[in-house]
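J.: The structure under discussion is supplied below as structure tokens; questions concerning it will follow.
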Amino acid sequence: MILIIDFGSQTTHLIGRRIKDLGVPVEIAIPKNALSSALKIKPRGIILSGGPASTYGKNALLVDGKIFKLGVPVLGICYGLEVMGQMLGGQVAPGKKKEYGSTSFTLTKNNPLFANLGKNKNTFTVWMSHFDQVIKVPTDSIVVGSTPDVKIAAFANVKKKQYGIMFHPEVHHTQYGNQILSNFIINICGEVSQKRNINTSQLIKKIKLEIGAQKAVCALSGGIDSAVAAVLTHEAIGDKLTCFYVDTGLMRLGETDQITQTFKVHFKLKLQVIHAEDIFLSALKGITDPEEKRKIIGETFIRIFEKEAQKLGTKYLVQGTIYPDVIESKGTNHAHKIKTHHNVGGIPEKHGFKIIEPLRQFYKDEVREIAKELGFPGSIISRHVFPGPGLAVRIIGEITKEKLDILRRADAIVVDELRKAGLYEKIWMGFAVFTGVKSTGVTGDERKYGETIALRIIESKDTMTADWARLPYELLERISSRIVTEVFEVVRVVYDITTKPPATMEWE
Ligand code: XMP
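First residue of the sequence shown: 7, per my numbering; consecutive thereafter.
What follows is the structure, given as structure tokens:
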């Protein structure tokens, strides 16, 4: 078992994921409970995560120093490195420059944490996101790596097996990140890998056992998670499952038809489609704040769902909660809230249903594996993630039917061209954003004052970080010229070239 002390990093659960992928169990604790958790579970290694706090000053967030004396290997990542720097006899100070995104790391001294890297092992790309820096290493530690802006980007006390790294090995964009984590977990901590298998028929059996002869209800969101949870449950209890799909009016072009086709026709689920566009649009009238939009959409959805579900008199509610949702909703005490991630289909606690969550322990790619096994059409499996609040968070400013209609048509062109270019499945997401910025154009010698559409086309492996896709210019040109000719209201198309961090994937 590895213990992660979570200082509130946005990527703490990703560290957990990487360790689980290595086949090693992991537990996450908050700093206050670091020592008691370590004494209780006796981990083979401790990881101190990143986090938004500072290690000095009044609000410093530290741990009980005894965890460094347990004789257990410790790896500090980003803020975790600063905690070690501060607590083990080193020194931390504000950096001269804030560093976000990729930078080049130079290994200055070989050590076990950086063993078995590839041929570029002396200089490679890493991801950083920090303000402070360690300016003096802990007692008996040595500097083992640096970046152009950070002299002490990694330190090591090989004898005590205590290591600190400024970059995030858990994010996909860090070259050799997995190998570095594996070096720590397997080689330094001495963990043994036990890979786990997904057994779909076992999952179905478990649902059958839980629900028995009762009836159940499930809200389909259009996403893969709720879809897989529903089909698994259908395999278990057949027509005793009723699915609802609420068309919020915030969906993509043709989405409702596609969902009806897939679940009613292909999977033969009992599906009720509720057309609620007018209700959502009137609830959203005049609202421009993104968080308020999310809240209103979540609440409106719940009201509609509860009303319909109660009519059926079911006892069980099936939800497509997956492992990252479980971790994120636990809310690590020290993480900053970036966005309220309203999983439409996420029903509040006081509803009287018993909750069935067959996918609680799985990651998105594992859910996709299960979907494949259940015979999902490829087009559904490979569909890009779509946020619960739908196009409402891709329209800046007030939501109106007209704007939704413009955005839907532009978005369909983006998806169509990406598919035609054979790139749709290679990227994480590709979509259009209604920026709300009006600008001047000229068509057929006439002045035209129209809308600006932004393209957000990104690559990511783990949701937490993303890079904008380097698409061929010809493809960008095709998308742009089709949008301005086929979507009459638009006069300008721009390409969003911001990474995450510092930007997020969705504009709101
Ligand atoms: P951000 O914009 O936070 O997005 O970088 C990360 C991923 O999460 C999706 N997303 C949401 N999903 N409800 C959801 O169910 C939401 O409110 C929400 N906001 C963002 C987003 O599409 C991306 O895949």
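We put the beta carbon where it would ideally sit given N, CA and C, even for glycine.
For ligand 1, any of its heavy atoms closer than 7 Å to the Cβ of E512?
T.: What you label residue 512 is simply residue 506 of the sequence shown in a count that begins at 1. For ligand 1, at least one heavy atom lies less than 7 Å from the Cβ of E512.
J.: Indicate, with yes or no, if ligand 1 has a heavy atom lying under 7 Å from the CB of P393.
T.: As a working mapping, residue 393 is identified with position 387 in the sequence shown. Yes, since a heavy atom of ligand 1 falls inside the 7 Å radius drawn around the Cβ of P393.
J.: Across the segment 38 to 53 and the segment 139 to 147, are there enough close Cβ pairs to call them in contact, namely three or more that are closer than 8 Å?
T.: no
J.: Is Y479 helix, strand or coil by DSSP?
T.: Start at 1 with the first residue of the sequence shown, and residue 479 comes out as number 473. Residue state, collapsed to three classes: helix.
J.: Measure how close the beta-carbons of E176 and I21 come, nearest whole angstrom, since I'm counting them as under 8 Å.
T.: Position 170 of the sequence shown, counted from the start, is the residue given in the question as residue 176. Position 15 of the sequence shown, counted from the start, is the residue given in the question as residue 21. Correct: roughly 4 Å between the Cβ atoms.
J.: When we look at the beta-carbon of V271 and count the other beta-carbons within 10 Å, is it buried (16 or more) or exposed?
T.: On the sequence shown, residue 271 is found 265 positions in, with the first residue counted as 1. It is exposed - the Cβ of V271 has fewer than 16 other Cβ atoms within 10 Å.
J.: Between the C-alpha atoms of H340 and K407, what's the straight-line distance to the nearest angstrom?
T.: Stepping through the sequence shown from its first residue, residue 340 is reached at position 334. Stepping through the sequence shown from its first residue, residue 407 is reached at position 401. The alpha-carbon atoms of H340 and K407 are separated by roughly 39 Å.
J.: Give every residue of the same chain whose Cβ lies closer than 8 Å to the Cβ of I387, excluding the five residues on either side of it in the sequence, and list them in chain order.
T.: What you label residue 387 is simply residue 381 of the sequence shown in a count that begins at 1. So the list reads I230, R374, A377 and K378, once near-sequence residues are dropped.
J.: Pop quiz: I516 and I53 are said to be a contact at Cβ under 8 Å. What is the actual Cβ separation, rounded to whole angstroms?
T.: Past the edges of the chain, shown from 7 to 514, lies residue 516, and the structure says nothing about it.
J.: Following the continuous alpha helix (DSSP H) through V421, name the residue where it begins and the one where it ends.
T.: Counted from its first residue, the sequence shown places residue 421 at position 415. Run containing V421: K407 to K426, per the alpha helix (DSSP H) assignment.
J.: Please report the residue range of the alpha helix (DSSP H) in which K75 lies.
T.: Sequence index remark: in the sequence shown, residue 75 carries index 69 (1-based). Element bounds for K75: n/a, residue is neither H nor E.
J.: Short check: CB of A416 to CB of I489, under 8 Å?
T.: In the sequence shown, residue 416 corresponds to position 410, counting from 1. In the sequence shown, residue 489 corresponds to position 483, counting from 1. Result yes, Cβ atoms of A416 and I489 sit closer than 8 Å.
J.: Taking buried to mean at least 16 other C-beta atoms within 10 Å of its own C-beta, is Y169 buried or exposed?
T.: Here residue 169 refers to the residue found at position 163 of the sequence shown. Under the 10 Å beta carbon count, Y169 is surrounded by 16 or more other beta carbons and is classified as buried.
J.: Is V421 near ligand 1, in the sense that its beta carbon is under 7 Å from a heavy atom of that ligand?
T.: Position 415 of the sequence shown, counted from the start, is the residue given in the question as residue 421. No; taking the cut-off as 7 Å, the Cβ of V421 has no heavy atom of ligand 1 nearer than that.
J.: Alpha helix (DSSP H) containing V373: first to last residue?
T.: Here residue 373 refers to the residue found at position 367 of the sequence shown. Its alpha helix (DSSP H) spans residues K370 to E379.
J.: For ligand 1, is there a heavy atom less than 7 Å away from the beta-carbon of T306?
T.: For the purposes of this step, residue 306 is taken as residue 300 along the sequence shown, with counting starting at 1. No - ligand 1 has no heavy atom lying nearer than 7 Å to the Cβ of T306.
J.: Name the DSSP bridge partner or partners of M134?
T.: In the sequence shown, counting from the first residue as 1, residue 134 sits at position 128. G107.
J.: Please report the straight-line C-alpha distance between F382 and I11, rounded to a whole angstrom.
T.: Taking the sequence shown and counting its residues from 1, the one referred to as residue 382 is at position 376. Taking the sequence shown and counting its residues from 1, the one referred to as residue 11 is at position 5. Cα to Cα, the separation comes out at about 38 Å.
J.: When DSSP labels each residue in this structure, what does E33 get in the three-state scheme?
T.: Here residue 33 corresponds to residue number 27 of the sequence shown, with the count starting at 1. Correct three-state label for E33: strand.
J.: Within a Cβ cutoff of 6 Å, which residues of the same chain sit near T153, ignoring the five residues on either side of it in sequence?
T.: For this step, residue 153 is matched to residue 147 along the sequence shown. Around T153: T109, F111 and A159.
J.: Using a Cβ-Cβ cutoff of less than 7 Å, which residues in the same chain neighbour M113 once the five nearest sequence positions on both sides are dropped?
T.: What you label residue 113 is simply residue 107 of the sequence shown in a count that begins at 1. Met is not the amino acid found at residue 113; the sequence shown has Leu there. If we look at L113 and ignore the five residues flanking it on each side, its Cβ neighbours are F120, K127, N128, V150 and G151.
J.: Using the C-alpha atoms, what's the distance from Q278 back to Q325?
T.: Translated into positions along the sequence shown, residue 325 becomes position 319. Translated into positions along the sequence shown, residue 278 becomes position 272. Distance between the alpha carbons of Q325 and Q278: 16 Å.
J.: By the three-class DSSP mapping on this structure, what secondary structure does R24 have?
T.: The residue labelled residue 24 in the question sits at position 18 within the sequence shown. Three-state result, R24: helix.
J.: How many Å lie between P478 and Y322 at the Cα?
T.: In the sequence shown, counting from the first residue as 1, residue 478 sits at position 472. In the sequence shown, counting from the first residue as 1, residue 322 sits at position 316. Using only the alpha carbons, I get a separation of about 49 Å.
J.: What's the gap between the Cα of L287 and the Cα of S135?
T.: On the sequence shown, residue 287 is found 281 positions in, with the first residue counted as 1. On the sequence shown, residue 135 is found 129 positions in, with the first residue counted as 1. Cα to Cα, the separation comes out at about 38 Å.
J.: Looking at the strands, I want to know which residues DSSP matches up with N163.
T.: Along the sequence shown, one-based indexing puts residue 163 at 157. N163 is bridged to Q168.
J.: Give every residue of the same chain whose Cβ lies closer than 6 Å to the Cβ of G351, excluding the five residues on either side of it in the sequence, and list them in chain order.
T.: As a working mapping, residue 351 is identified with position 345 in the sequence shown. Low per-residue confidence applies at G351: pLDDT is 48, beneath 50, and the placement is therefore not dependable, though the value from the model is reported in the following sentence. Cβ neighbours of G351 beyond the five flanking positions: A225, S227 and S232.
J.: Is it the case that the CB of T505 approaches a heavy atom of ligand 1 more closely than 7 Å?
T.: By 1-based counting over the sequence shown, the position of residue 505 is 499. Flag unset: Cβ of T505 not near ligand 1.
J.: Hey, would you say the C-beta of V399 is under 7 Å away from at least one heavy atom of ligand 1?
T.: Within the sequence shown, residue 399 is the residue found at index 393, counting from 1. Shortest gap from the CB of V399 to any heavy atom of ligand 1: under 7 Å.
J.: State whether the segment 99 to 109 contacts the segment 182 to 194, with contact taken as three or more CB pairs (one from each stretch) at a distance under 8 Å.
T.: no
J.: If you count every other CB in all the chains shown that lies within 10 Å of the CB of L81, and 16 or more means buried, which is it?
T.: Sequence index remark: in the sequence shown, residue 81 carries index 75 (1-based). Result: buried.
J.: Going by other Cβ atoms of all chains shown within 10 Å of its Cβ, with 16 needed for buried, is D331 buried or exposed?
T.: In the sequence shown, counting from the first residue as 1, residue 331 sits at position 325. Buried: at least 16 other Cβ atoms inside 10 Å.
J.: At the level of alpha carbons, what is the spacing between K212 and T327?
T.: As a working note, residue 212 is residue 206 in the sequence shown. As a working note, residue 327 is residue 321 in the sequence shown. Taking the straight line joining both Cα atoms gives about 16 Å.
J.: According to DSSP, is D253 part of a helix, a strand, or is it coil?
T.: By 1-based counting over the sequence shown, the position of residue 253 is 247. Reduced to three states, the DSSP call for D253 is strand.
J.: What residues are listed by DSSP as bridge partners for T469?
T.: To locate residue 469, count along the sequence shown from 1; it is residue 463. Note: T469 sits in no beta bridge, so no partner.
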